[in-house]
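Student: Supplied in structure tokens, the structure appears directly below.
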Amino acid sequence: MQNWINKLWKNEKIIFILFILQITVVYKLIQIYFSQGIIFKTVLDDKIPFIPEFVIPYLLFIIVLSLPFILTLKNKKDFLAISRLFLIVSAVCNLTYIFFQTTIIRPEIISSTIFDRLVLFVYSIDSPLNLFPSEHVTFSVLSTLCLFKINRKLAYIILPFTALIVISTLFIKQHHIPDVLAGLMLAFLGYWFIFKRMP
20 MQNWINKLWK NEKIIFILFI LQITVVYKLI QIYFSQGIIF KTVLDDKIPF
70 IPEFVIPYLL FIIVLSLPFI LTLKNKKDFL AISRLFLIVS AVCNLTYIFF
120 QTTIIRPEII SSTIFDRLVL FVYSIDSPLN LFPSEHVTFS VLSTLCLFKI
170 NRKLAYIILP FTALIVISTL FIKQHHIPDV LAGLMLAFLG YWFIFKRMP
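Reading the sequence shown from the start, the letters are residues 20 to 218 in the numbering used here.
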């Protein structure tokens, strides 16, 4: 049994697939079966305006998330380390959602600009649950931290986009400030205590 687990843990393809399952299937199942969330916010959250244009950087998340994996495809050791890191961090997120489910009251969108429609699209595919910590923040920051080790020049180019992704979660009312702070903390802790210690 232990040998089987060790083999699985050393298989970069399986670890990557498990990570994808964590952020898709498991994430969605938690939203379905743990649908009663509390509103966990600060007094500052109500002062943050709804700015639909920030949906553009919000959607850039998938590109930033993909970069560390794409850039290490030909390096089994680095790809495995990154896959393990993201798998562990995604598991922490999902466990938190199970035991501390939070929600958000989304604005009523009555305008019909392209940005409004994109926000409505985001709302339609992602229920207002599984907010603390923000996976958008966690994984975009985590990806950028990994990029600093993989390709430092590219990391500096991506950094401002990552900052926009982080604040976009607030401006399109997908998250509250505590979600963002928790996401930042988890990203840095995950990087320093997991990734840096991996062989």
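Even glycine gets a Cβ: it sits at the ideal position worked out from N, Cα and C.
1. According to DSSP, what are the bridge partners of Ile229?
2. Below 8 Å on the Cβ atoms is my guess for Ile67 versus Val138; work out the distance and round it to an integer in Å.
3. Mind reading off the beta-carbon distance from Ile177 to Thr163? Whole number of angstroms is fine, and I expect it under 8 Å.
4. Using a Cβ-Cβ cutoff of less than 7 Å, which residues in the same chain neighbour Asn149 once the five nearest sequence positions on both sides are dropped?
5. Identify, in the order they occur along the chain, each residue of the same chain with its Cβ nearer than 8 Å to the Cβ of Ile169, setting aside the five sequence neighbours on each side.
6. Indicate whether Val141 and Val74 have their beta-carbon atoms separated by less than 8 Å.
7. Is His155 helix, strand or coil when you go by DSSP?
8. Less than 6 Å between C-beta atoms, sequence neighbours within five positions excluded: which residues of the same chain meet that for Glu154?
9. Who are the Cβ neighbours of Ser10 in its own chain at under 6 Å, not counting the five residues just before and after it?
Tutor: Answer, in terms of the structure:
1. Outside the modelled stretch of the chain, which goes from 20 to 218, sits residue 229, for which no answer is possible.
2. Your numbering for residue 67 matches position 48 in the sequence shown. Your numbering for residue 138 matches position 119 in the sequence shown. Taking 8 Å as the upper bound for CB-CB distance, Ile67 and Val138 are not in contact here, some 15 Å apart.
3. Locating residue 177 in the sequence shown gives position 158, counting from the first residue. Locating residue 163 in the sequence shown gives position 144, counting from the first residue. Indeed, because the Cβ distance is near 6 Å, the residues count as touching under 8 Å.
4. To locate residue 149, count along the sequence shown from 1; it is residue 130. Contacts found: Tyr46, Ile49, Gln50, Tyr116.
5. The residue labelled residue 169 in the question sits at position 150 within the sequence shown. Pro87, Leu90, Thr91, Asp97.
6. Sequence index remark: in the sequence shown, residue 141 carries index 122 (1-based). Sequence index remark: in the sequence shown, residue 74 carries index 55 (1-based). Val74 sits close to Val141, with the two beta carbons spaced by under 8 Å.
7. Walking along the sequence shown from the start, residue 155 turns up at place 136. When DSSP states are grouped into helix, strand and coil, His155 belongs to the helix group.
8. Looking up residue 154 in the sequence shown gives position 135. Cβ neighbours of Glu154 beyond the five flanking positions: Cys112.
9. Missing from the structure shown is residue 10; the chain here goes from 20 to 218 and no further.
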